[in-house]
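First residue of the sequence shown? That's 1 in full-length UniProt numbering, and the numbers climb one at a time after it. Here a beta-carbon is modelled for each residue, glycine too, at the ideal position from N, C-alpha and C.
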Amino acid sequence: MLAQLIVSGLVNGSVYAVVALGMTVLYRSTTIVNFCHGEFFMLGAFAILIAQQTLGWSYAASIVFALVLLAVFGSLVERLLMRPLQNAPHISLAMMTIALSYLFKGVSRFFYGREVAPLQPLVDGDPIEMGSVVLLPQDLLVVGASVIIVLGFFYFFQRTQTGKVIQAASQTPRGAALVGINVPRFQNLMWGASAALGAVAGILIAPSTLVYPDMGAHMLIQAFAAMTLGGFGSLPGAVLGALMLGVLENLIGGYVSSALVEITAYLAIIMVLVVRPQGLLGEWRQGRG
């Protein structure tokens, strides 16, 4: 039972890692904590659903549609709604993302109400038994896709010139602009990439959780808890925190009470803020320049 709980927790944690990574990428490049990232997750799942059921597209075409749509949507959110507030206090930026979260949920409820819709798995097949552990092919796809995405972004920020420029622009925007770096363009790119990452997580998890307008709220809390546990601004921290949270949820649900699973993320946030506010691999961030 222990092995099954740990492996299942790592599968859940892999999805949390993709969501947390999307939030961390945006925070690392803009210093903004995006409280509407859960809605990017939700909209990605709905984009797949609409493309399949309304437009009649194949799964592959629907995935491309969802990723492109959310990337463009994230870029438009930055250009039209966030950029006018670029010199405003952080609280104004945070309040804007919270307002957008409720707006996107409200629009989704207007069209779909509170009904849930099923989404077929990305891959079918019989369960795979490995000793006492049983996994579905969908689970292996989730883990594999998450690993590829995480490694890709690690490489991007640590090994590419563009990734290093984005980090420099986030730490000292004014200084970066003075040396000719187009800071708004890079930030717009990161909003689009972050929204696309939210869509990826929605595509991976929707077949297991169903699709409904409020699905992003739960995932936002999980990602926020993972970032807090691992350390804000730390890409390895976001991934480590997500995996730990996924395993912790399963262990608590399996050995203590399933009723506590829903509050595990909140308990993790409280404990980390009390014991180690910077998180396990946290790095202190400077204010916007």
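Look at residue 66 here: in three-state DSSP terms it is helix. Per DSSP, the beta-bridge partners of residue 130 are 133. For residue 225, the closest of 273, 186, 251 and 185 by C-alpha to C-alpha distance is 273. Taking a contact to require three or more Cβ pairs closer than 8 Å, the region 141-161 and the region 180-191 do not qualify as touching. Of the residues assessed, residue 15 falls on the buried side of the cut-off, its CB having 16 or more other CB atoms within 10 angstroms.
Straight-line measurement puts the Cα of residue 36 at about 9 Å from the Cα of residue 103.
Annotation: residue 81 to residue 256 spans about 44 Å, alpha carbon to alpha carbon. Taken atom to atom, the span from the alpha-carbon of residue 29 to that of residue 132 is near 43 Å. Separation of residue 4 and residue 39 (C-alpha to C-alpha, rounded to the nearest whole angstrom) is 30 Å.
At a Cβ-Cβ threshold of 9 Å, residue 42 and residue 33 do not count as neighbours. A straight line joining the alpha-carbon of residue 123 with that of residue 100 spans about 33 Å. For the set 201, 271, 197 and 200, the Cα lying nearest the Cα of residue 229 is the one of 271. Contact between residue 74 and residue 191 holds, with the beta-carbon distance rounding to 4 Å and staying under 8 Å. Per DSSP, the unbroken alpha helix (DSSP H) holding residue 241 starts and ends at 235-255.
Secondary structure remark: continuous alpha helix (DSSP H) runs of at least 4 residues inside the region 53-125, in chain order: 59-77 and 90-112. For the pair residue 264 and residue 135, the Cα-to-Cα distance works out to about 24 Å. Rounded to the nearest whole angstrom, the C-alpha separation of residue 208 and residue 161 is 38 Å. Under the DSSP definition of a beta bridge, residue 211 partners with 117.
Here the region 229-243 makes no contact with the region 199-206; the two share fewer than three CB pairs at distances below 8 Å. Exposure of residue 55 is indicated by the presence of fewer than 16 other C-beta atoms within 10 angstroms of its C-beta.
For a cut-off of 8 Å, the C-beta gap from residue 239 to residue 150 is around 5 Å, short enough to register as a contact. Residue 206 places its beta carbon 9 Å or farther from that of residue 71. Buried is the label assigned to residue 213, since at least 16 other Cβ atoms lie within 10 Å of its Cβ. Excluding residues up to 5 positions away in sequence, 1 and 5 lie with their Cβ nearer than 7 Å to the Cβ of residue 254 in the same chain.
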